[in-house]
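Positions 1 to 501 (full-length UniProt numbering) are the ones given, in order, by the sequence shown. All residues carry an ideal CB built from backbone N, CA and C; glycine is no exception.
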Amino acid sequence: MFVCVLLVVVILLLLSSVRRRRDMLKLYEQIGSGIKTLPIIGHSYLFLGGDENRMRAFQILGRDAFNRDGMTSVWHANRFFIVVADPIIADVILKSCLEKDDIMKLAQLLTDNGSIFAAVSIWRPRRKILASHFNTKILNDFVSVFSKQSEILITKLKETLDRGSFSVWNYFTTYTMDAVCETSLGVQVKSQHNPDQPFLKAFEECCDLGSARMVQPWLHSMTVYRHLPQYKRYMKNKYFICDFIKKIVQSKRKDNELRQISDMNGEQYTGSEGVQSLLELLIKNSNFTDIELQEESVIMVLAGTDTTAVAGSFTALMLSQHLDVQDKVYEELREVFGDSNRAVEPDDLAQLKYLDAVVRETLRLYPPVPVITRKVERDVALPGGVTLIPGCGVVVNIWAIHRNPHYWGDDAEEFRPERFLDSALKHPAAFMPFSYGPRGCLGYRYAMMALKSALASLLRQYRLMPDNESYATDKREPLRLKFDIMMKDVNNFRLRIESRN
Numbered sequence: 001m002f003v004c005v006l007l008v009v010v011i012l013l014l015l016s017s018v019r020r021r022r023d024m025l026k027l028y029e030q031i032g033s034g035i036k037t038l039p040i041i042g043h044s045y046l047f048l049g050g051d052e053n054r055m056r057a058f059q060i061l062g063r064d065a066f067n068r069d070g071m072t073s074v075w076h077a078n079r080f081f082i083v084v085a086d087p088i089i090a091d092v093i094l095k096s097c098l099e100k101d102d103i104m105k106l107a108q109l110l111t112d113n114g115s116i117f118a119a120v121s122i123w124r125p126r127r128k129i130l131a132s133h134f135n136t137k138i139l140n141d142f143v144s145v146f147s148k149q150s151e152i153l154i155t156k157l158k159e160t161l162d163r164g165s166f167s168v169w170n171y172f173t174t175y176t177m178d179a180v181c182e183t184s185l186g187v188q189v190k191s192q193h194n195p196d197q198p199f200l201k202a203f204e205e206c207c208d209l210g211s212a213r214m215v216q217p218w219l220h221s222m223t224v225y226r227h228l229p230q231y232k233r234y235m236k237n238k239y240f241i242c243d244f245i246k247k248i249v250q251s252k253r254k255d256n257e258l259r260q261i262s263d264m265n266g267e268q269y270t271g272s273e274g275v276q277s278l279l280e281l282l283i284k285n286s287n288f289t290d291i292e293l294q295e296e297s298v299i300m301v302l303a304g305t306d307t308t309a310v311a312g313s314f315t316a317l318m319l320s321q322h323l324d325v326q327d328k329v330y331e332e333l334r335e336v337f338g339d340s341n342r343a344v345e346p347d348d349l350a351q352l353k354y355l356d357a358v359v360r361e362t363l364r365l366y367p368p369v370p371v372i373t374r375k376v377e378r379d380v381a382l383p384g385g386v387t388l389i390p391g392c393g394v395v396v397n398i399w400a401i402h403r404n405p406h407y408w409g410d411d412a413e414e415f416r417p418e419r420f421l422d423s424a425l426k427h428p429a430a431f432m433p434f435s436y437g438p439r440g441c442l443g444y445r446y447a448m449m450a451l452k453s454a455l456a457s458l459l460r461q462y463r464l465m466p467d468n469e470s471y472a473t474d475k476r477e478p479l480r481l482k483f484d485i486m487m488k489d490v491n492n493f494r495l496r497i498e499s500r501n
């Protein structure tokens, strides 16, 4: 009897799988694709090779999508995905499909149930608590930290004045790591003074290994992956990161208990002083367990460090290659700061309208996270008559949406910050450098303030100049891009600086 029941269950599962595959093939035919597929692997061959090939694959898919009314379809081995390059379609999907695609769950090997990659049931209640801690008052308090770390950045950059061209990437990475750790965790890791800081290196290696795994379907199976040397390296770094953060959470929890005891006794607490970090505020104002605090701390460092460093490096690179734009930024800085080298304050950031436009235009052309994914769990009707079905995945191609000429004009490929001053967006989802919709990034304003603080300090001291080896005044070649966990410059953000004094 048991064998018969088991056989019926197996047959039903097989029939369901065949039916789902048939429905996927119908959807594939309806949407279409202008890119050749190969037996068994589908379009996965596009992602073979190094990081530059992976980014080129997203570019190919994105261009195919906005040349086909905003969508194309792709087979990633046996997984079927829709690639979207139209903001109207993206708006519907990102508001209807809140679960991250299974491919993004690979990141949970590091983040566990951290809210960015967590299931909706975990993400929703946590986000409500986290969102209340990204208010204007708290963010304004962090500007003093951004300014302090920016001064260290300026000092460290002095060593490059006589060296010719150099990579600005490591300088922005260490700046953001220090700023994020101080504002998010309440600790000073001082990676600007020590670029080989173990915590920073562990994060970098986990990101590199994680991104490589995501685009190689044969590594998705944990049964396979755990027997590979990459897994051992990954877990070694994860354990270091988690142990580091666990000790911080325990220390901050103890500080909060001592502070409460002092308050009850009418005494003044003599422990840690200064700006309260997000972790300290969460301990004080939420019921998060230590495990939940550790998970969200990993997310805050992961999301805050690389994205801001990528955005800062691309912005510096654009300013070095567009000296007329840099001159306008400097003129605005002179209007706000005069000849003073004083620290940046919150009110200053609100006045830097042109710098804000420069950062936004950089993020339009070079969004740190060029694609985001969603899982379809129910039928979703899209504009144009297509209905997505459960089981397929969606890739929202931010890189392509930001360059779609229908929404950005014939000069969509050009760097022109004035477009953010001249007119409003044609659609709210046409610009989504930090995602969009209910699961959009909570730290968007935080990142903009950290970026503008650093750039305002840097540009008052230095003039950014192009790398002579890769720049021609009569013709600017498109940047060669790569994709690991973020989109980056293949040439590693090389430029030169000159002192303004």
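Selection from the options that minimises the alpha carbon distance to residue i
i	options	result
Thr136	Ile116, Leu349, Met486	Leu349
Met300	Asp51, Ala131, Arg79	Ala131
residue 502	Ser33, Gln59, Val394, Lys36	With the chain represented from 1 up to 501, any question about residue 502 goes unanswered, as that position is not in the structure.
Ser191	Asp422, Thr176, Thr183	Thr176
Arg213	Leu451, Arg360, Pro229, Leu258	Pro229
Asn256	Tyr231, Thr183, Lys232, Leu282	Leu282
Glu332	Gln276, Thr155, Leu459	Leu459
Pro383	Arg54, Val74, Val84, Gly274	Val84
Asn170	Tyr354, Arg226, Thr305, Ala424	Thr305
Val344	Ala107, Ser453, Glu280	Ser453
Lys107	Phe244, Cys206, Ala412	In the sequence on display, residue 107 carries Ala and not Lys. It is Cys206 whose Cα lies nearest to the Cα of Ala107.
Pro438	Leu61, His427, Lys95, Thr72	Lys95
Per DSSP, the bridge partner or partners of residue i
i	result
Trp75	Phe80
Arg463	Glu498
residue 552	With the chain running from 1 to 501 in the structure shown, residue 552 is simply not present.
Thr387	Ala381
Ser297	Answer is none; Ser297 lacks a bridge partner.
Ser435	Pro433
Ser167	Arg494
Met487	Phe483
Gly42	Leu38, His76
Straight-line Cα distance separating residue j from residue i
i	j	result
Pro368	Ile261	44 Å
Ile31	Lys100	22 Å
Pro466	Arg494	8 Å
Ala119	Thr111	12 Å
Arg68	Ile35	12 Å
Gly440	Leu278	19 Å
Gly385	Leu185	48 Å
Val9	Arg22	Residue confidence is low: Val9 scores 48 on pLDDT, short of 50, so the model does not pin down where it sits. No coordinate-derived value is stated.
Phe117	Phe240	21 Å
Lys105	Glu498	45 Å
Ile89	Phe80	18 Å
Arg63	Ser33	11 Å
Asp474	Glu52	Because Asp474 sits at a pLDDT of 49, beneath the cut-off of 50, its placement in the model cannot be relied upon, and the point is left open.
Thr174	Val275	20 Å
Ile245	Leu258	20 Å
Lys201	Lys232	16 Å
Gln197	Gly50	27 Å
Tyr436	Asp91	8 Å
Residue i CB to nearest heavy atom of the ligand FAD below 6 Å
i	result
Pro417	Only the bare structure without any ligand can be found here, which leaves the ligand FAD out of the picture.
Burial state of residue i, where buried means 16 or more other Cβ atoms lie within 10 Å
i	result
His402	buried
Ala472	No answer about Ala472 holds up, because its pLDDT of 47 lies below 50 and its placement is not dependable.
Asn237	buried
Asn397	buried
Val376	buried
Val168	buried
Gln250	exposed
Thr223	exposed
Arg54	buried
Thr289	exposed
Close beta carbons around residue i, own chain, < 8 Å, minus the five adjacent residues each side
i	result
Ala430	Pro87, Ile401, His402, Asn404, Tyr407, Trp408
His442	A small fix is needed here, since residue 442 is Leu in this sequence, not His. If we look at Leu442 and ignore the five residues flanking it on each side, its Cβ neighbours are Arg127, Leu130, Ala131, Phe134.
Asp379	Thr387, Leu388, Ile389, Pro390
Gln326	Leu319, Ser320, Leu459, Arg463, Leu464
Neighbourhood of residue i by C-beta, 6 Å cutoff - its chain only, sequence neighbours within 5 removed
i	result
Cys242	none
Ala357	Pro417, Phe420, Leu421
Leu46	Ala57
residue 552	A question about residue 552 goes unanswered here, because the residues of the chain that appear run from 1 up to 501.
Ser211	Asp484, Ile485
Leu209	Gln230, Tyr234
Val394	Ile82, Ile93, Arg374
Phe314	Thr362, Tyr366
Lys328	Tyr354
Same chain only: Cβ atoms within 7 Å of residue i, ignoring 5 sequence neighbours per side
i	result
Ser44	His76, Ala77, Pro217
Lys284	Asn256
Val490	Glu52, Arg480, Leu481, Lys482
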